[in-house]
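Worksheet: the structure to be examined is printed underneath.
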């Protein structure tokens, strides 16, 4: 019964991720927090468990996305090879940072982030291109910040990587594709860090591998990839402006629920 629930959550997360054009982490983390809370998981660990599990699911969902973008020749691998080392270092630091924050405080931090993304979407705020391509030191520094924040929020980093690359004069299509490639090392390194930091925690439920809850991981991964395609097809039939506003509303409600909980 529990596994069926996570398959449904994966389907919902996949549809919403495909529909709104964002990484599933922005959906998966709050859904898992509510689910784990309803199941009676310890408050001190359920948020970390949601973040770690979200990162682990992105490992699977990012692979198809990378293959499709690479097939179209949109991934800028020359940028990726410089941003990736910074990402890996940032993810390790972000995972260690999250381990120092208690569960309720981490929820509030995620809530603030969700509201900030909602404001950005609702007001259609986007950086203006600077007219020059990013240099290696800048890419590594940006990767460190993106990796650090992504590990804390349990996301693939698209909401941070895409604006940065667009700001540095990478076209939106190539920025999205390169961001998808960056999501894999973020998710893989993040999942490993959360497994390690939660390994000895006595409050974790059964079937946990550190801060990764295996039933949720497999249930979500099994259905989210397929339903993300359905959401993407549906998105082409709806107004982009309407989609952004609906997603902004959803993130606002999630953020407020985390802040007021």
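Numbering (the numbering used here), first residue to last: 17 to 277.
By construction, the Cβ of each residue, glycine as well, lies at the ideal position given by its N, Cα and C atoms.
For residue 96, the enclosing alpha helix (DSSP H) starts and ends at 93-115.
In the DSSP annotation of this structure, the continuous segment of the alpha helix (DSSP H) that includes residue 54 starts and ends at 41-54. With a contact defined as Cβ atoms closer than 8 Å, residue 106 and residue 77 miss out at about 21 Å. The beta carbon of residue 160 is closer than 8 Å to those of 102, 103, 105, 106, 109 in its chain, skipping five residues each way along the sequence. The beta-bridge partner set that DSSP reports for residue 224 consists of 229.
Around the CB of residue 171, 16 or more other CB atoms lie within 10 Å, so the residue is classed as buried.
Assignment of alpha helix (DSSP H) within the segment 170-194, counting only whole runs of 4 or more residues, yields 174-183 in chain order.
A distance of 7 Å or more separates the beta carbons of residue 73 and residue 122. For residue 263 against residue 137, the beta-carbon gap comes to about 6 Å, under 8 Å, which counts as contact. Under the DSSP assignment, residue 127 falls in the alpha helix (DSSP H) whose first and last residues are 119-138. Non-local beta-carbon contacts of residue 152 in its own chain, meaning distances under 8 Å to residues more than five positions away in sequence, involve 98 in chain order. The three-state reading of DSSP puts residue 69 in helix, counting H, G and I together. Residue 166 counts as buried, since no fewer than 16 other beta carbons sit within 10 angstroms of its beta carbon.
In the structure shown, residue 147 adopts coil according to DSSP, grouped into three states. Excluding sequence positions up to five before and after residue 133, its CB lies within less than 6 Å of the CB of 175, 267, all in the same chain and listed in chain order. Pairing residue 191 with residue 181 gives a Cβ-Cβ distance under 7 Å. A Cβ-Cβ contact shorter than 7 Å links residue 193 with residue 91. Its chain contains 82, 91, 96 as the residues whose beta carbon lies nearer than 6 Å to that of residue 197, once the 5 sequence neighbours on both sides are disregarded; these appear in chain order. Comparing alpha-carbon positions, the option among 113, 228, 150 lying closest to residue 208 turns out to be 228. Per DSSP, reduced to three states, the secondary structure at residue 80 is helical. With a contact defined as Cβ atoms closer than 8 Å, residue 22 and residue 235 qualify at about 3 Å. No Cβ-Cβ contact shorter than 7 Å links residue 56 with residue 244. Distance between residue 54 and residue 60, taken at the CA atoms: about 14 Å.
Taking the C-beta atoms as reference points, residue 185 is found nearer than 7 Å to residue 145. Taking the Cβ atoms as the reference, residue 200 lies roughly 16 Å from residue 111, outside the contact range of under 8 Å.
Contact between residue 260 and residue 140 is confirmed by a C-beta separation of about 7 Å, below the 8 Å threshold.
In this structure residue 20 is exposed. Its beta-carbon is surrounded by fewer than 16 other beta-carbon atoms within 10 angstroms.
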